[in-house]
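Here is the structure we will look at, set down as structure tokens.
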Amino acid sequence: MDASLAYRLLRVAALASLAALATACPSDATTPSDAVDAADTVEPEDTANGDAFDTADGADTAPSDTTPRDTAQDTAQVDTSGPWEWPWPAAAVNIPADPSWKPSVGYPEDPFLSPVISGGSNESRWIKFAVLTGDPTRVVFQDSQAYPLHFPFAEERLPPFYDLTPEQFDAVTLYNDGKQALLGAVLYPPRGAAREAAVQLAARDPLDPRVVDAVMDLVAAALVPSDDGGAPALLYFPSYEQTPSVREQAAWYAALGVQVGDAARWAGGDICYTRGWAIGRLVHVPGPDIEAAWASGALTPSDLLLTDGVPAEVPHVAGVVSLTPSTPNSHVAILAETLGVPFVHLAVAATAARAQALTGHLVALRAASTYTDAYGTCTVTLVDLDGRLDAATQAELLALKAPAPLDYAHKTHAGAISASVDGLTPADVAHYGGKASHFGLLRRAIPDNSPAPAVALSFDLWDAFLDQQLAGGQTLRAAIAARLAAHTWPPDIGAMKADLQAIRAMITDDAAFSATQQSAILAALSPFTETTRKVRFRSSTNLEDTETFVGAGLYDSYSGCLADDLDADAAGPSACDPSDAKERGVFRALKKVYASFYNDNATLERLRHLVDEATVGMAVLAHYSFPDAIELANGVATMSKSGSPTRHFELVTQAGAVSVTNPDGAAQPEVVTGDAFSFGTYFYLQQGSSLLPLGQYVLAWDDEYRALTDLFDAVATAWTALPGASAQYLLDFEYKQVAPGGDLVVKQVRPLPRPDTTASFTTYLLPSDAPLTLCTYQGEQGTGLGNHRGKVRLALTTNGTWLDAAGTATSFYAASTAELLDLGGAGTVTLSGVPGTWSGAVHKVDDDNIMNSWSDGAGALQRTWSLTATVERSVGPNRSPLKVLGDFYMTTQIVYATPQVDNTWEGWGTTDTDWIVLGACPADAPVDGELLQHREGTVGGVTVAVDFAWPAATSGEVAGYTAPLARWVETRITGLTAEPIVLHGYWSQTYHPFHHNFSEEFVFEPAREPGLPAALRAELLQKDVALVYFQPDYDGVDIRLIGLSGAVRTP
122 MDASLAYRLL
132 RVAALASLAA
142 LATACPSDAT
152 TPSDAVDAAD
162 TVEPEDTANG
172 DAFDTADGAD
182 TAPSDTTPRD
192 TAQDTAQVDT
202 SGPWEWPWPA
212 AAVNIPADPS
222 WKPSVGYPED
232 PFLSPVISGG
242 SNESRWIKFA
252 VLTGDPTRVV
262 FQDSQAYPLH
272 FPFAEERLPP
282 FYDLTPEQFD
292 AVTLYNDGKQ
302 ALLGAVLYPP
312 RGAAREAAVQ
322 LAARDPLDPR
332 VVDAVMDLVA
342 AALVPSDDGG
352 APALLYFPSY
362 EQTPSVREQA
372 AWYAALGVQV
382 GDAARWAGGD
392 ICYTRGWAIG
402 RLVHVPGPDI
412 EAAWASGALT
422 PSDLLLTDGV
432 PAEVPHVAGV
442 VSLTPSTPNS
452 HVAILAETLG
462 VPFVHLAVAA
472 TAARAQALTG
482 HLVALRAAST
492 YTDAYGTCTV
502 TLVDLDGRLD
512 AATQAELLAL
522 KAPAPLDYAH
532 KTHAGAISAS
542 VDGLTPADVA
552 HYGGKASHFG
562 LLRRAIPDNS
572 PAPAVALSFD
582 LWDAFLDQQL
592 AGGQTLRAAI
602 AARLAAHTWP
612 PDIGAMKADL
622 QAIRAMITDD
632 AAFSATQQSA
642 ILAALSPFTE
652 TTRKVRFRSS
662 TNLEDTETFV
672 GAGLYDSYSG
682 CLADDLDADA
692 AGPSACDPSD
702 AKERGVFRAL
712 KKVYASFYND
722 NATLERLRHL
732 VDEATVGMAV
742 LAHYSFPDAI
752 ELANGVATMS
762 KSGSPTRHFE
772 LVTQAGAVSV
782 TNPDGAAQPE
792 VVTGDAFSFG
802 TYFYLQQGSS
812 LLPLGQYVLA
822 WDDEYRALTD
832 LFDAVATAWT
842 ALPGASAQYL
852 LDFEYKQVAP
862 GGDLVVKQVR
872 PLPRPDTTAS
882 FTTYLLPSDA
892 PLTLCTYQGE
902 QGTGLGNHRG
912 KVRLALTTNG
922 TWLDAAGTAT
932 SFYAASTAEL
942 LDLGGAGTVT
952 LSGVPGTWSG
962 AVHKVDDDNI
972 MNSWSDGAGA
982 LQRTWSLTAT
992 VERSVGPNRS
1002 PLKVLGDFYM
1012 TTQIVYATPQ
1022 VDNTWEGWGT
1032 TDTDWIVLGA
1042 CPADAPVDGE
1052 LLQHREGTVG
1062 GVTVAVDFAW
1072 PAATSGEVAG
1082 YTAPLARWVE
1092 TRITGLTAEP
1102 IVLHGYWSQT
1112 YHPFHHNFSE
1122 EFVFEPAREP
1132 GLPAALRAEL
1142 LQKDVALVYF
1152 QPDYDGVDIR
1162 LIGLSGAVRT
1172 P
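In my numbering, the protein residues as written are 122 to 1172.
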């Protein structure tokens, strides 16, 4: 075996053991929908960890002699009683000086920071370090550009580790006994995040919180600010291995003042695993209690589930809102996609707090991505509809979610109970189901990288099994039909669960394959000549894996042992697993797969879609199983191709057999995206696996990612060559990397429904549950003087209405306020109430522009304001029809009775109309990631010095756009008055950048600054200075003074 593969397998074995322990923690407990034999692997079909076997009894996990250390202690409580001292002996170590290490690093920038992988957008970077246990007074930071991993650096630069093998290095760094170094990394947040850093420590044994605290102190002292921002707040982000013990020691960490967090803190937004919308009662249920709440009726199909721990399976609710992370390819996420319901993780503390405050309320949930969201994040909107949405409108909205009739191939007689999968095509779905029929494509396109042999069992066997007569005289088919007959949508959940459990019991306990059927099954499975090697039986219904309906996550897979059915007795142990006291034959496994056809969610989904049960059934795909012990990696990928030749890939991969699709919440998978062009394929790391050291990839970068996508390309080419196939596609793959050779194996391909972009749903504006506050947007639009005159602060609320012609024929604004700059004085004018009742109110509709006008002032000071909302009246089925006022592009137009002074590209002049864009109000306090700016210039003895901030940029100073104002810091004008003029307020200062901030203009009106000394006001009045115009530019500085009459002059 290749040495690197051997080491990876060793590590994977240890991780598998740790994962089993971590998922056994009470906080992560799950409740399966059915009681099952503990020795079975109940694996939701094609959503769980490939074909791993049950780890509860140790079956098919890494044998103890392949595990580097006994990890049973890893979740043990650390003894924190009594006095404490550094637990390892002192030992002086002389580390030769070298440019590859140093005792301190800069923040927020340092040359040692890890390479930029994903282009810098939303990317957290890091610097690796070591604290030698013999000298706990310093940190050795390594150049993480040159040495992204600890071992190569330590082997070359740290004397205690010269000439060690990787295994030997792990033994003296990852375990408490004999530890010679604490390995870690200081993590720097993405651009735009708070001024924070985090420490992560690599260890297999649980670390004493006081050790962590001591290392945190060392790192904090060694972080030297490289700007004027001050020291960052330092947090502790425990690694996957450390998470269980940190949970148990939470009180100790809190007492020590160690703030514990995770990378979700820096995500920059909430996480959408499936996007969509829903309206329902928000019900909070802890993860372990979900099944009981569903059975009792406390949680219903019309509810939104808010939970703090997502189990492997959730019931058919209207939406899932989690306070803990999952993964985009988890069983729950795939099932949510199948059911068409949103599934989100509230990573933003404010959103999470709001959700918890809305428990018990009727709520609208919307999960959508906008162009401002970073990769992997989204915008989650929660609107309180309690008392704001009438029952008739709610019913109209929910009718939009009524499922369309499914287009699927009705099951038909194949004329045989089995076939080799190698010859099957999607045209065989009616005989062998979707999974088996698509599997044939893998066998032909990539025969060396797909499971072989592979056999399909047809619907003929399923129908024959259902036609058997039970002890009471009824056929199994008739008994099932009798149980299902009473149920309609929406069902009585408690009654339906009882009936479905009874049906599954009839299949597994009461029914049996006849002797003739058993012989035929054994003959069909004859290609599996290794009879003591487990065979995986996977569901293959005709109602899944189609281009209109995926059906993923609805059914289960089971494994069986041929030798157990071929021996002369029914007594254990299993011939495929001597540690299992019972036999686990293939007939038993097949019956369990058949029983999963009546899983709760599967049956509910057929009921919701009004599927005729006589037209559907369970065929089966069989191939050898993949034991956990040989899995180096497992993953799920999508591949898409639209109009251009470019193909896009997204690969979600995890180390070893730790499931990508049934995560425990602590293990974060690796996410890699890729784009294949005619001139090459390029890959981008979006998220690293939390099971691996920072800087290490699950697969070999980037050769194995390229090899894997080459396999996908081969399958896609075969797919497009099928009769009637489109050149455009969206394909979903499951894959593994297995020992001993590190082979890549693709075990599933299926089409995914492509988004329907047809604008067919009328949108609905939700009623406001809080005012939307808008101010004049100080960005590229408009002019500096126009934006200053047009200063507003609006607090708008809306009534709910359909955004069709009838719904927008009258104004949708409810009680609102408008604070406007007083054109004739130094203060502001405030209007309140319903805008339709304000002076001179007019409502007008121009296509998608909804305008509401009013006027204020009189005579020469009269102005007419027109507030315009540009709405989206219709959307496609794949998008949310629910709208809030903040979705709309909002502008105001102001028409003046008296022309006003202005400066445009044509020069100084006057205008009677200003056009203002509205946006978020400038912040009053520092903004995370803000970019501080300073402008200063002097003309005629008058000096203007401005300090302000741009918002955070994702890359580069202005990130390829024109940076608007984020907040004012201070403006100081000297030389104009006897004392300096100091401004801080919104009404007294206006910023207007030109394209890409190549030039800028500022307008200051000191009289509008709260607290401006009366003496300065009088002096400005005496000098006829109303406004100060300031334009610093690359070719000089322009300062103009504008008098009360609008006259413009230089100082």
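Note that the Cβ used here is the ideal one computed from N, Cα and C, for glycine as well.
In angstroms with no decimal places, state the Cα-to-Cα distance between residue i and residue j.
i: E75; j: V757; result: Residue coverage of the chain in this structure runs from 122 to 1172, which leaves residue 75 outside it and unanswerable.
i: L427; j: G1028; result: 58 Å
i: P814; j: D298; result: 21 Å
i: D968; j: E1126; result: 38 Å
i: A828; j: A419; result: 49 Å
i: G1115; j: G389; result: A small correction: the amino acid at residue 1115 is Phe; Gly does not occupy that position in the sequence shown. The alpha-carbon atoms of F1115 and G389 are separated by roughly 28 Å.
i: F272; j: A471; result: 40 Å
i: M617; j: V792; result: 39 Å
i: K300; j: Q289; result: 11 Å
i: T794; j: Q363; result: 28 Å
i: G594; j: A633; result: 15 Å
i: T949; j: L941; result: 5 Å
i: V261; j: L506; result: 55 Å
i: T830; j: D569; result: 15 Å
i: G905; j: C896; result: 15 Å
i: V671; j: G954; result: 50 Å
i: T918; j: L1086; result: 25 Å
i: A606; j: Y715; result: 20 Å
i: W415; j: P436; result: 7 Å
Less than 7 Å between CB atoms is the rule here; does residue i satisfy it with respect to chain B?
i: A439; result: Among the protein chains of the structure shown there is no chain B, as only one such chain exists.
Using the beta-carbon count (16 or more within 10 Å), is residue i buried or exposed?
i: Y885; result: buried
i: H1117; result: exposed
i: V345; result: exposed
i: Y268; result: buried
i: K1144; result: exposed
i: S700; result: exposed
i: F1119; result: exposed
i: D1154; result: exposed
i: S579; result: buried
i: P547; result: buried
i: W1026; result: exposed
i: Q590; result: exposed
i: L843; result: exposed
i: H534; result: exposed
Check the DSSP bridge columns for residue i and list the partner residues they point to.
i: F464; result: T395 and V441
i: C896; result: R914 and G1040
i: A306; result: K249 and Q321
i: P220; result: Paired residues: none, contrary to the question.
i: I1102; result: I1094
i: C697; result: In the DSSP output, where bridge partners are listed per residue, C697 has none listed.
i: G82; result: Only positions 122 to 1172 of the chain appear in the structure, and residue 82 is not among them; the question remains open.
i: R402; result: L483
If residue i sits next to residue j, beta carbons under 8 Å apart, how far is it from one beta carbon to the other, in whole angstroms?
i: A702; j: G693; result: 5 Å
i: I1102; j: L1137; result: 6 Å
i: D424; j: A439; result: 6 Å
Would you check if there are 3 or more beta carbon pairs closer than 8 Å linking the region 862 to 872 to the region 888 to 899? no
**Request:** Assess, as a yes-or-no matter, whether the region 737 to 749 is touched by the region 643 to 662 under the definition of 3 or more beta carbon pairs within less than 8 Å.
**Result:** yes
* On the three-pair Cβ rule with 8 Å, is the region 982 to 989 touching the region 1014 to 1025? -> yes
Within the chosen definition, does the region 443 to 455 reach the region 357 to 373 through at least 3 CB pairs nearer than 8 Å? no
Inset, instruction - Determine contact between the region 338 to 356 and the region 316 to 323, defined as no fewer than three beta-carbon pairs at a distance below 8 Å. - result: Here the region 338 to 356 lies against the region 316 to 323, with 3 or more beta-carbon pairs under 8 Å apart.
Original post:
Counting Cβ pairs, one atom from each stretch, are 3 or more of them under 8 Å apart for the region 581 to 593 and the region 842 to 850?
Top reply: no
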